[in-house]
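Enquirer: Have a look at this one before I ask anything.
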Amino acid sequence: MTEQNKTLIDQFGRKHDYLRISLIEKCNLRCTYCMPEHGIPLSPAKSLMTAEEIGKFAEIFVGFGVKKIRLTGGEPFLRKDFADIARLLAAFPVEISITTNGMLLDRNIVLLQDLGIKHLNFSLDTLKESRFLEMTRRTGFQKTMENFHLAIEEQFQLKINCVLMKGENDDEIIDFIRLTKDLPISVRFIEFMPFDGNKWNKSKLVSEAEILTQVEGEFGKANLISLPDEKNLTARKFKIEGFQGEFGIISSVTNPFCGTCNRIRLTANGRIKNCLFSNRETDLLKVMRADGDVEELILDSIYHKKAVRAGMDNMEKLSDPELHSQNRSMIAIGG
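In the numbering used here, the protein residues as written are 1 to 335.
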């Protein structure tokens with residue numbers, strides 16, 4: 001294989017250099033938009049990637065030009081060999097980041113500091129304890145908030161991921177933005193997206209336009225500053241005049257950013273997904289264990305990525321449960 005071919009470019013010319021690796025399908029929360037009410041069938045332990053196999057995959061993807069690796073779950077800190085995996089990946093010349101609900105952060109914070117891992121995406125959908133119980137179907141709000149403040153005190157680069165659902169937590173948009181007044185954080189509002197088992201419907205969606213209308217009504221249009229878009233944006237970013245932090249909107253439903261997408265996902269059972277919305281997967285782990293050509297499969301998967309949301313290029317298609325329910329539940333994909 002030539003060096004020219006060892007670049008992850010799809011048929012639309014998009015270069016992929018950001019890999020998200022799901023370490024585990026289990027989570028200590030049961031968020032309604034992520035996990036079906038009765039859970040999911042878990043992959044047998046023997047079908048999950050080992051720490052060594054994760055390291056081998058990382059080496060392959062770094063060879064393809066990947067510059068950033070995000071560890072997700074489920075909840076990645078639940079993985080018993082998380083420390084081994086983190087040490088393996090920290091040896092590569094890439095930025096390592098983690099998506100977590102934060103409940104186990106205090107147990108792992110020294111490890112992250114020792115390895116120089118400073119980027120955290122902290123999933124937090126409400127600032128109210130009673131609502132936390134409703135949305136996550138679990139207790140743990142106080143521990144979550146303690147670790148949220150611990151991450152700030154320890155100077156992690158912190159993004160808050162907040163999935164908005166109409167009638168459930170959209171009345172907290174302003175409260176979340178007020179956090180950015182005195183804290184150097186980025187709050188990111190995520191539109192509710194359809195996945196298997198999360199009972200998605202359009203009526204629950206809080207759009208980018210609705211969010212900005214609320215913000216302008218509270219802070220004034222003149223005080224809402226639009227920040228420059230990143231090269232491979234996932235969120236359109238804003239801040240309030242005079243506030244230390246910022247906020248962003250991930251509008252995968254109403255205003256997608258597929259044209260600049262550079263993301264790849266590797267599930268905990270070793271399958272590559274070239275799009276969050278795609279139900280097309282390629283079992284890399286099976287091929288690796290049989291000493292097959294994993295690299296060609298990766299190249300093929302990326303090349304055949306669809307232009308927009310796995311082919312669901314309009315709201316009618318996205319709203320069709322015959323299409324979006326064929327995908328995994330979010331818990332089994334990874335954030």
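Glycine included, every Cβ here is placed at the ideal spot set by N, Cα and C.
(1) Have a look at the DSSP bridge pairing and note the partners of C162.
(2) Once the 5 residues before and after D170 are set aside, which same chain residues still bring their CB inside 6 angstroms of it?
(3) In whole angstroms, what separates the C-alpha of A310 from that of E216?
(4) Could you give the DSSP three-state label for Q157: helix, strand or coil?
(5) Can you determine whether any heavy atom of the ligand NAP sits closer than 6 angstroms to the C-beta of A209, and answer yes or no?
(6) If contacts are defined as beta-carbon pairs under 8 angstroms, then I160 and L124 qualify, I think. What distance do you get, rounded to the angstrom?
(7) Among the residues of its own chain, which have a CB less than 6 angstroms from the CB of H16, if the five just before and after it don't count?
(8) How long is the line joining the alpha carbons of T35 and N201, rounded to whole angstroms?
(9) I'd like to know whether the C-beta atoms of R280 and R138 end up nearer to each other than 7 angstroms.
(10) Would you call F57 buried or exposed, if buried means 16 or more other Cβ atoms sit within 10 Å of its Cβ?
(11) Tell me whether the stretch 272–291 and the stretch 211–227 touch, counting them as touching only if at least three CB pairs, one residue from each stretch, are closer than 8 angstroms.
(12) Taking DSSP as the reference, what is the three-state secondary structure of F247?
(13) Quick check on the burial criterion: 16 or more other C-beta atoms within 10 angstroms. Buried or exposed for V294?
(14) How long is the line joining the alpha carbons of G26 and G270, rounded to whole angstroms?
(15) Name, in chain order, the residues that DSSP records as bridge partners for K237.
(16) Buried or exposed for A235, going by 16 or more other Cβ atoms inside 10 Å?
(17) Let me check understanding here. Comparing Cα to Cα, which of D10, I21, I173 and F12 lies closest to V285?
(18) How do the stretch 92–110 and the stretch 61–73 stand: do at least 3 beta-carbon pairs fall below 8 angstroms, yes or no?
(19) Classify F12: buried if its beta carbon has 16 or more other beta carbons within 10 angstroms, exposed otherwise.
(20) Would you report the Cα separation of P228 and G292, rounded to the nearest angstrom?
(21) At a cut of 8 angstroms, does the stretch 236–253 reach the stretch 185–194 through at least three beta carbon pairs?
(22) Can you tell me where the beta strand (DSSP E) with T72 in it begins and where it stops?
(23) Is the Cβ-Cβ distance between E241 and N223 less than 7 angstroms?
(24) If we call anything under 7 angstroms between Cβ atoms a contact, is L71 one with L115?
(25) According to DSSP, L19 sits in a beta bridge with which residue or residues?
Expert: Looking at the atomic coordinates:
(1) F189
(2) L164 and V206
(3) 33 angstroms
(4) strand
(5) With respect to the ligand NAP, the structure offers nothing, as it holds no ligand at all.
(6) 5 angstroms
(7) L8, N262, I264 and I302
(8) The question names Thr, yet the displayed sequence has Met at residue 35. Those two C-alpha atoms are separated by around 16 angstroms.
(9) no
(10) buried
(11) no
(12) strand
(13) buried
(14) Looking at the sequence shown, residue 26 is not Gly but Lys. Approximately 15 angstroms between the Cα atoms of the pair.
(15) G248
(16) buried
(17) Note that residue 285 corresponds to Leu in the displayed sequence, not to Val. Taking only the C-alpha atoms, the option nearest L285 is I21.
(18) yes
(19) exposed
(20) 43 angstroms
(21) yes
(22) K68 to T72
(23) yes
(24) no
(25) I69 and I264
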